[in-house]
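**Student:** Pasting a structure below so you can have a look.
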Amino acid sequence: MAASVERLFTAASTIEEALAARRQGATVLAGGTWMMRDPRRGVDLPEAVVALHRIPALSKVEIEPDHIVIGAAVTHTVLGRALRAVAGFEGLVAAAEGAANPGIRRVATVGGNLCALGFAAADLAPALLACEATVELQTFEGSRLLGISDFLKDRPALLTEAMVTRIHLRRDLIASAHIRLPLRQAGDYPVAIVSFAVDKDKRCRIAVGSVEPVARRWTALEQAMAAGPAPALDPKRAAELALEHNDFQGRDGKEAEGWYRRQVLPTLVRRAVAALLKTEGLAWL
Amino acid sequence: MVVTFQLNGEDCRFDGDPMTPLVDILRQERFLTGTKAVCREGFCGACTVHVDDEAVPSCLKPVGLVQGCAVTTIEGLSSGNQVLHPLQANFEAADAVQCGMCFPGMVMSLSAFVRDNPHASRPEIKAAMVGNICRCTGYERIVDAVADCLDQARKAGQLVGGIHV
Numbered sequence: 001m002a003a004s005v006e007r008l009f010t011a012a013s014t015i016e017e018a019l020a021a022r023r024q025g026a027t028v029l030a031g032g033t034w035m036m037r038d039p040r041r042g043v044d045l046p047e048a049v050v051a052l053h054r055i056p057a058l059s060k061v062e063i064e065p066d067h068i069v070i071g072a073a074v075t076h077t078v079l080g081r082a083l084r085a086v087a088g089f090e091g092l093v094a095a096a097e098g099a100a101n102p103g104i105r106r107v108a109t110v111g112g113n114l115c116a117l118g119f120a121a122a123d124l125a126p127a128l129l130a131c132e133a134t135v136e137l138q139t140f141e142g143s144r145l146l147g148i149s150d151f152l153k154d155r156p157a158l159l160t161e162a163m164v165t166r167i168h169l170r171r172d173l174i175a176s177a178h179i180r181l182p183l184r185q186a187g188d189y190p191v192a193i194v195s196f197a198v199d200k201d202k203r204c205r206i207a208v209g210s211v212e213p214v215a216r217r218w219t220a221l222e223q224a225m226a227a228g229p230a231p232a233l234d235p236k237r238a239a240e241l242a243l244e245h246n247d248f249q250g251r252d253g254k255e256a257e258g259w260y261r262r263q264v265l266p267t268l269v270r271r272a273v274a275a276l277l278k279t280e281g282l283a284w285l
Numbered sequence: 001m002v003v004t005f006q007l008n009g010e011d012c013r014f015d016g017d018p019m020t021p022l023v024d025i026l027r028q029e030r031f032l033t034g035t036k037a038v039c040r041e042g043f044c045g046a047c048t049v050h051v052d053d054e055a056v057p058s059c060l061k062p063v064g065l066v067q068g069c070a071v072t073t074i075e076g077l078s079s080g081n082q083v084l085h086p087l088q089a090n091f092e093a094a095d096a097v098q099c100g101m102c103f104p105g106m107v108m109s110l111s112a113f114v115r116d117n118p119h120a121s122r123p124e125i126k127a128a129m130v131g132n133i134c135r136c137t138g139y140e141r142i143v144d145a146v147a148d149c150l151d152q153a154r155k156a157g158q159l160v161g162g163i164h165v
């Protein structure tokens, strides 16, 4: 057990209280599943932390006719359960219900998943990229909304001052899928993740996680799918386009080498399109 | 910092680092060594306990987050002198326990699962065990015992509440 440590621990009950603790230098503690492993990575735990789990506004999922708001302290389990019956968000549900293992999913939060720097295999990142989510940040100067692509790109700098409070989603998807390749059937970090969504304008949104250090949209493939003469949502054709437009630089890691993460992408795209075609939203195709 | 919570139905007070993993307090301060600290990364499930009735890994739970919560460990499920939890009785009857290292966590994960999923299928039982690794690989017999436990509860007319944690 750790020797006696004088650590400051604040369980904030309001966002303002959490911000005040942040001003004093406290690090945000969500479910703890990433931070508690800091010592194993050779990193000391922060001297001051502020926990968000007692802030009611950050622990709920609000489903409105045209949008959804997800609190940063919502767990994967709660997110999956809340969105299971919402058409179009099959991919996000699969991400929330397939990440890690059941025990972790009951604890790990949406905010924690997006804010864990160095966690390339976060499932929610590509799923929320495919949803074109907007991230609400609370800064010392007030709140700010940022597209998730920009948030993920600038995350290290943003999180020195800001705190993620909510995720906003438009309900403009007709179908989505989330395909991951773990080395075992489940329970470990995926080698690669493909999140695929189709919006009401029949536009494909494709995002990839775990292949590069930070999840990102696969714009080259999105453009190719929009331009192609062949049936847009044919699994085989989509895999061929994925092979042709594979612009990823795979990261080496203990689960897999970079070349392998990159190489499996066309297969995951094929599986993602096949899964999309089974959803209610695209059954007419 | 002082943290207070209910531990197996009794008041528990901890005075120390609020970022101490719950598993360390259970084992080293309370001598509740049924909860095993194995991987300490949330992968193996051997340290699973119930916090407010949810099965969670105690190795990644800073004690500061359990302030005011109810924590149940394997020792709280049945003292050994009492009647066993129906799931424990089924594991014993099926001779499902091998080395025993994973088992407290397995019981804690699956006791919450059978409570919440009285009509679970075999694939659902397996999915619920994803975070509990048995290095003796005795999975099939464990799945059999869980399926038998649910079957018996259904035949006895007990539903979710029939299998109490």
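Quick note, the sequences are listed as chains A and B, same order.
Here the first sequence stands for residues 1 to 285, where the numbers follow UniProt numbering.
Here the second sequence stands for residues 1 to 165, where the numbers follow UniProt numbering.
All residues carry an ideal CB built from backbone N, CA and C; glycine is no exception.
1. Sorted by chain position, which residues of the same chain lie with C-beta nearer than 6 Å to B:Asn90's C-beta, five sequence neighbours on each side aside?
2. Assuming B:Met129 and B:Ala55 are in contact, meaning their beta carbons sit under 8 Å apart, how far apart are those beta carbons, in whole angstroms?
3. Where A:Pro156 and A:Leu29 are concerned, what is the direct C-alpha to C-alpha distance, given to the nearest angstrom?
4. With 16 as the cutoff for other CB atoms within 10 Å, does B:Gly131 come out buried or exposed?
5. Is the Cβ of B:Thr48 closer than 8 Å to any Cβ of chain A?
6. At the 8 Å Cβ level, is B:Met106 part of the contact set with chain E, yes or no?
7. At a Cβ threshold of 8 Å, is A:Val93 touching chain B?
8. Can you pull the chain B neighbours of A:Leu183, defined as C-beta to C-beta under 7 Å?
9. Evaluate A:Phe140 with the Cβ neighbour count: other Cβ atoms within 10 Å of its Cβ, from every protein chain shown; 16 or more gives buried, anything less gives exposed.
10. Between A:Arg205 and the rest of its own chain, which residues show a CB-CB distance below 6 Å, the 5 nearest in sequence each way excluded?
11. Just to confirm my understanding: we take A:Ala272, look at its own chain, exclude 5 residues before and 5 after, and list those with CB closer than 7 Å. What are they?
12. Against chain A, with Cβ distances strictly below 8 Å, would B:His164 count as a contact?
13. DSSP three-state label for B:Cys136, please.
14. Would a check of beta-carbon distances place A:Met163 closer than 8 Å to chain B?
15. Against chain B, with Cβ distances strictly below 8 Å, would A:Val49 count as a contact?
16. Whose C-beta lies closer than 7 Å to the C-beta of A:Leu181 among residues of the same chain, with five residues either side of it excluded?
17. Note down the Cα distance separating B:Lys112 from A:Leu92, rounded to an integer number of angstroms.
18. For a contact meaning CB atoms closer than 7 Å, what does residue 349 of chain A contact in chain B?
19. Enumerate in chain order the residues of its own chain whose CB-to-CB distance from B:Val66 is below 8 Å, with the five nearest sequence positions on each side excluded.
**Tutor:** In this structure, then:
1. Ala145, Asp148, Cys149
2. That pair is no contact at about 11 Å.
3. 16 Å
4. buried
5. By the rule that beta-carbons nearer than 8 Å mark a contact, B:Thr48 touches chain A.
6. The structure shown contains no chain E; the protein chains it does contain are A and B.
7. no
8. Within chain B, no residue comes near A:Leu183; the closest Cβ sits about 13 Å away, beyond 7 Å.
9. exposed
10. Ala130, Ala197
11. Ala177, Ile179, Val194, Phe196
12. With a pLDDT of 49 at B:His164, under the threshold of 50, the modelled position of this residue cannot be trusted; read the value that follows with caution. So no, B:His164 is outside the interface.
13. Coil.
14. no
15. Taking Cβ atoms only, chain B reaches closer than 8 Å to A:Val49, which makes this a yes.
16. Pro190, Val191, Ala192, Val264, Leu268
17. The sequence shown places Ala at residue 112 of chain B, not Lys. Their backbone Cα atoms lie some 25 Å apart in a straight line.
18. The requested residue 349 of chain A does not occur in the structure, where chain A is confined to residues 1 to 285.
19. Val3, Phe5, Leu22, Val51
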